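Chemist: Below is a structure I'd like to ask you about.
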Amino acid sequence: MFTRIDHVGIACRDLDAGVEFYRRTYGFEVTHTEINEEQGVREAMLRVNGTDDGGASYLQLLEPIRADSPVAKFLDRNGEGVHHIAFGTSDVAGAAEAVGAQGVRVLDAEPRAGSMDSRITFLHPKDCGGVLTELVQAPDSSG
Ligand code: MC0
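Numbers in the numbering used here are just positions in the sequence shown, counted from 1, shifted up by 1.
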């Protein structure tokens, strides 16, 4: 059902400073940036590696664009750090249904728009051992 770690989402107060840290320290380069108004973030995707299923794994740096957004609330409460983990799947709706059937709260009734034209849904952290968990379907559905 899940084929890879699609990304690890990291909350930053200053996206450009975060990008510079990962470039300087590890050599990771930005392959994509966008603003997701619905989620209230400005984000940068740093590709770490390709995977056997044709997908890839990324670090996703997130800077809030609104004070009432989930990432802004997270920063106020915890400071900078890992905000969520995301698993890749070729069928995000089916995967959410299967996980939801096990009693985990699925936070989106229908998949929403994610990075790079993906479809995403979130699972409640309180049902996932304290880890906000995201399911991601890449646009070509290769997983
Ligand atoms: C909140 N909690 C977390 C957490 N955020 N625990 C672990 N990791 C996180 N990131 C905990 C709080 O500490 C609190 O625990 C409890 O959950 C309720 O948090 P709250 O903020 O007071 O309450 P809610 O219910 O308003 O919001 C929490 C919830 C929300 C997870 C439901 O943030 C949400 O819907 N998140 C999904 C969307 C999201 O995060 N979008 C931003 C990334 P205590 O013990 O104090 O009760 S967008 C993204 O990543 C996209 C662009 C992409 O990947 O493509």
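Glycine included, each C-beta is placed from N, C-alpha and C at the ideal position.
Remember, it's a predicted structure, so these values are computed and weren't measured experimentally.
Among the residues of its own chain, which have a CB less than 8 angstroms from the CB of A45, if the five just before and after it don't count?
Modeler: Answer for A45: L16, G19, V20, V31, H33, T34, Q61, L62, listed in chain order.
Chemist: Would you mind reading off the limits of the beta strand (DSSP E) that contains L60?
Modeler: Here the beta strand (DSSP E) through L60 covers 57–65.
Chemist: Ignore the nearest five residues each way along the sequence and tell me which others in I121's own chain have a CB closer than 8 angstroms to its CB.
Modeler: Correct list, in chain order: A87, V93, D109, P112, R113, A114, G115, E135, L136, V137, Q138.
Chemist: Comparing alpha-carbon positions, which option in T52, N50, R43 lies nearest E64?
Modeler: Among T52, N50, R43, the Cα nearest to that of E64 is on R43.
Chemist: Is the CB of T32 under 8 angstroms away from at least one CB in chain C?
Modeler: In summary, chain C is missing from the structure at hand, where a single protein chain is found.
Chemist: Measuring only the C-alpha atoms, how far is G89 from G80?
Modeler: Approximately 27 angstroms, taken between the alpha carbons.
Chemist: Could you tell me if the beta carbon of Q138 falls within a distance shorter than 7 angstroms of some heavy atom in the ligand MC0?
Modeler: Outside the cutoff, so no.
Chemist: List the residues that DSSP assigns as beta-bridge partners of T34.
Modeler: Its beta-bridge partners are A45.
Chemist: Quick check on the DSSP output: the alpha helix (DSSP H) that includes F22 runs from which residue to which?
Modeler: 16–27 is the span of the alpha helix (DSSP H), which, as asked, contains F22.
Chemist: Heavy atom of the ligand MC0 less than 7 angstroms from the Cβ of L60, yes or no?
Modeler: False, no ligand heavy atom lies under 7 angstroms from that Cβ.
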